[in-house]
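Chains as they are written, first to last, in my numbering: chain A, 8 to 220; chain B, 8 to 220.
Note that the Cβ used here is the ideal one computed from N, Cα and C, for glycine as well.
2 protein chains.
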Amino acid sequence: MTADPPGPASRKADPTTGGPAPRRRRDAAETRQLLLDAARRRFTSDGYAATTVRDIADDAGVNVALISRYFASKEGLFEACLRAAGDEVRRTTGKVPPDQVPEAIARQIADLGIAGLTGQLTLLLRSSGDARADEIRLGVLRYSSEQLASARGWRPDEPDSERVLLRAQMVLAAGLGMAVLRSSTPLQPLSSATEQDLVGPLRDLVDALLPPR
Amino acid sequence: MTADPPGPASRKADPTTGGPAPRRRRDAAETRQLLLDAARRRFTSDGYAATTVRDIADDAGVNVALISRYFASKEGLFEACLRAAGDEVRRTTGKVPPDQVPEAIARQIADLGIAGLTGQLTLLLRSSGDARADEIRLGVLRYSSEQLASARGWRPDEPDSERVLLRAQMVLAAGLGMAVLRSSTPLQPLSSATEQDLVGPLRDLVDALLPPR
DNA sequence: ACTAGATGTAAACAATTGCTGACTTAACCT
DNA sequence: AGGTTAAGTCAGCAATTGTTTACATCTAGT
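Quick look at the structure:
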């Protein structure tokens with residue numbers, strides 16, 4: 008049932024877009040990135056299991072088989088997304104002055120959408136049942152909490168300061184919870200609170216859990 | 008709630024067939040409950056999309072077709088789980104004295120497992136893409152936050168006290184975040200913190216966000 | 001220009017999904 | 001007892017899943 012005459016005369020008509028035929032260069036790196044972006048959006052908003060590789064490929068405007076080619080499998084693509092998100096989280100959280108933590112959290116939480124830190128962390132929380140993915144997630148969370156705790160006197164191998172680390176993780180969890188709740192449920196007034204609405208209570212929260220030394 | 012009736016009902020089907028079929032009682036209500044319990048566990052720990060009806064039926068030791076019979080569909084079963092969890096959350100949170108909120112939160116967070124309030128709320132956060140499920144979730148979250156806020160001076164239709172409601176929702180989100188983080192990632196020391204470890208910081212957190220009036 | 005490898009496409013695979021219909025078996029009632 | 005109906009079983013469907021395979025087409029190096 009080959010409907011296509013296999014001749015060199017058959018030229019691609021491109022019936023969908025009437026515009027200037029966007030001469031499609033073949034660029035592996037670009038399609039890889041397109042897939043990564045689409046996958047990150049889908050995984051973040053729908054979760055791993057609810058996302059199909061065809062969803063991702065369609066969003067990226069790319070053939071499904073290329074997922075297997077470039078990432079070996081759906082799980083491989085997910086891990087790549089997690090790694091990218093992890094790198095970005097480390098990059099972003101690495102340069103926050105200790106005295107501006109509440110403002111930074113407020114800003115990141117207020118900024119919905121998968122581009123912001125909130126989206127990255129939400130993605131990090133998504134589970135695929137894959138062991139490697141769990142490692143990546145754990146690594147990022149540990150890094151972030153230690154980053155936060157070290158500004159308040161926590162030092163590794165100092166059992167006395169473990170309380171500080173616990174409190175830092177609670178701050179992290181609180182921020183994460185707000186982000187998740189905001190993005191998953193239209194609960195007013197939280198879900199539509201602005202950065203200004205959030206920064207005050209958040210300062211109270213951070214100061215209470217991690218008093219400036 | 009998983010009390011096995013000591014009666015004659017214990018009927019674990021021997022998969023190796025043939026054997027003297029243990030006399031099994033037919034009890035629609037009990038079967039329904041078995042399915043609900045198994046589904047709640049699966050949905051809570053694996054999420055909606057990653058859970059299959061066959062998983063649930065096997066866990067419950069019940070035939071798959073009975074899910075369709077008793078709950079019409081997988082979505083119907085999920086909604087039933089959500090409704091049950093919502094009822095239990097309302098029942099539990101309804102009777103917490105305002106001055107013992109930190110202790111209550113600490114106790115609930117420390118108590119892992121799907122039986123506790125933490126599990127119920129984690130389940131509430133799970134999404135199935137179903138509109139009715141979203142309504143149930145929103146209703147419970149609204150109820151819980153208003154319950155918490157009203158003890159601190161919030162009144163409906165008083166725009167001035169909206170700040171209090173926002174802060175109550177932030178407390179709720181913080182607790183939720185800790186619960187989710189603890190159950191999803193072995194992040195030390197948070198994931199193994201005991202109730203005693205948590206209650207102190209939690210009191211600081213609640214007092215900071217919702218100062219006793 | 002011409003070939004070789006990279007890139008993309010189409011179709012199909014086996015496995016799994018939620019769900020259904022016809023069937024069997026147990027429980028209850030006179 | 002018998003017989004009626006609820007409760008449970010079985011096998012299989014149609015759709016969807018992730019993945020692979022064979023093929024087409026573009027790009028780059030000579």
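Applying a beta-carbon distance threshold of less than 9 Å, which residues of chain B neighbour residue i?
i: P196(A); result: E169, R170, L172, L173 and Q176
i: R57(A); result: A small fix is needed here, since residue 57(A) is Ala in this sequence, not Arg. Ordered by position in chain B, the residues that pass the 9 Å Cβ test against A57(A) are G54, Y55, A56, A57, S134, S135 and G136.
i: R114(A); result: None at all; the shortest Cβ gap to chain B is about 16 Å.
Listing by chain order, which chain A residues have their CB less than 8 Å from the CB of residue i?
i: T129(B); result: Per Cβ cutoff of 8 Å: no residues; T129(B) is ~11 Å from chain A at best.
i: D164(B); result: Chain A residues near D164(B): none, gap ~14 Å exceeds 8 Å.
From what residue to what residue does the alpha helix (DSSP H) around residue i run?
i: D65(A); result: V60 to A67
i: T201(A); result: T201(A) -> no alpha helix (DSSP H), and no H or E assigned at all.
i: P109(A); result: V108 to A117
i: L194(B); result: First-last for L194(B): undefined, no H or E at that position.
i: L132(A); result: L124 to L132
i: G146(B); result: A138 to S157
i: D94(A); result: K81 to T100
Assuming residue i and residue j make a contact with CB atoms under 8 Å, what is their CB distance in whole Å?
i: L179(A); j: S151(A); result: 6 Å
i: R98(A); j: I143(A); result: That belief does not hold up - the Cβ atoms of R98(A) and I143(A) are roughly 15 Å apart, past 8 Å.
i: L41(B); j: A67(B); result: 4 Å
i: A200(B); j: L173(A); result: 6 Å
i: F50(A); j: L145(A); result: That pair is no contact at about 18 Å.
i: A56(B); j: G54(A); result: 6 Å
i: L197(B); j: Q115(A); result: Rounded, the Cβ-Cβ distance is 20 Å, inconsistent with contact.
i: S140(B); j: E202(B); result: Residue identity check: residue 140(B) is Ala in the sequence provided, not Ser. Between E202(B) and A140(B) the Cβ distance is about 31 Å, and since that is not below 8 Å, they are no contact.
Which residues in chain B have a C-beta closer than 8 Å to the C-beta of residue i? List them in chain order.
i: L183(A); result: G184, V187 and L188
i: P193(A); result: L145
Does the Cβ-Cβ distance between residue i and residue j come in under 7 Å?
i: V213(A); j: V108(A); result: yes
i: V171(A); j: G160(A); result: yes
i: T125(B); j: A186(B); result: yes
i: G184(B); j: G184(A); result: yes
i: V60(A); j: V71(A); result: yes
i: E153(B); j: Q127(B); result: no
i: A46(A); j: L73(A); result: no
In whole angstroms, give me the CA-to-CA distance for residue i and residue j.
i: P163(B); j: R149(B); result: 12 Å
i: A113(A); j: D62(A); result: 32 Å
i: D204(A); j: L217(B); result: 15 Å
i: V5(B); j: R76(A); result: Nothing can be reported for residue 5(B), as the shown portion of chain B is limited to 8 through 220.
i: A35(B); j: G93(B); result: 23 Å
i: Q195(A); j: R189(A); result: 9 Å
i: S17(B); j: R133(A); result: Bear in mind that the predicted position of S17(B) carries a pLDDT of just 37, short of 50, making it unreliable; the figure below should be weighed with that in mind. Cα to Cα, S17(B) sits roughly 37 Å from R133(A).
i: V206(A); j: E110(A); result: 6 Å
i: R48(B); j: R48(A); result: 28 Å
i: T58(B); j: P193(A); result: 25 Å
i: L43(A); j: K81(A); result: 11 Å
i: D106(B); j: R220(A); result: 28 Å
Could you work out which residues of chain B lie near residue i, taking near to mean beta carbons separated by less than 7 Å?
i: D34(A); result: Correct list: empty, because the minimum Cβ distance to chain B is about 33 Å.
i: S134(A); result: S191
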